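What follows is a set of notes on a single structure, which appears directly below.
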Amino acid sequence: MSNNEKADTSKNDSRGVAEIEADIARHRAELGQTVDELSARFDVKKQAKAQVENARQAVQDASTSAADQAKSVVHSVEDQAKGFQARAKQASPRELAAMLAPAAIAVAGVAVVITLVRRPWR
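Residue numbering for the sequence shown follows this note's numbering, beginning at 110 and increasing consecutively.
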């Protein structure tokens, strides 16, 4: 072999070594990533903490939603009560009795049910 041939061979060898080293580094990185993913999958404490956090967030979201709905209902009832109060101020006694009759019937019904439930059966 001539000196030129030896130089070409050493360049090919060094390029091959560089490629091999690059492949090894890439495979190490991939394996490290795989090991990290597997560790995360089998870390029971970490998974439990994540589930607790998810549950806490769900409860917080639900409570916020329920509070918003409750506020909406309260405002609606307040508006209805104000409207009823305005109508009651302008109503005649007969109209007022007609407006209150359903509530009086409901109260009487509840009283009858409570009496029947508490009454000892013989």
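Glycine included, C-beta positions come from ideal geometry on N, C-alpha and C. Small disclaimer: the values here were computed from a predicted structure and weren't measured.
*The alpha helix (DSSP H) spanning P211 covers which residue range?*
Where P211 is concerned, the enclosing alpha helix (DSSP H) starts and stops at P202 to R227.
*What are the start and end residues of each continuous alpha helix (DSSP H) run of 4 or more residues lying completely inside the region 114 to 200, in chain order?*
Counting only runs of 4+ residues, the alpha helix (DSSP H) found wholly inside the region 114 to 200 occupies 153 to 199, in chain order.
*Mind reading off the beta-carbon distance from A197 to M208? Whole number of angstroms is fine, and I expect it under 8 Å.*
Going by Cβ atoms, the distance from A197 to M208 rounds to 6 Å, so yes, they are a contact pair.
*Can you give the Cα-Cα distance for A134 and S148, rounded to whole angstroms?*
Straight-line spacing of the CA atoms in A134 and S148 works out to 21 Å.
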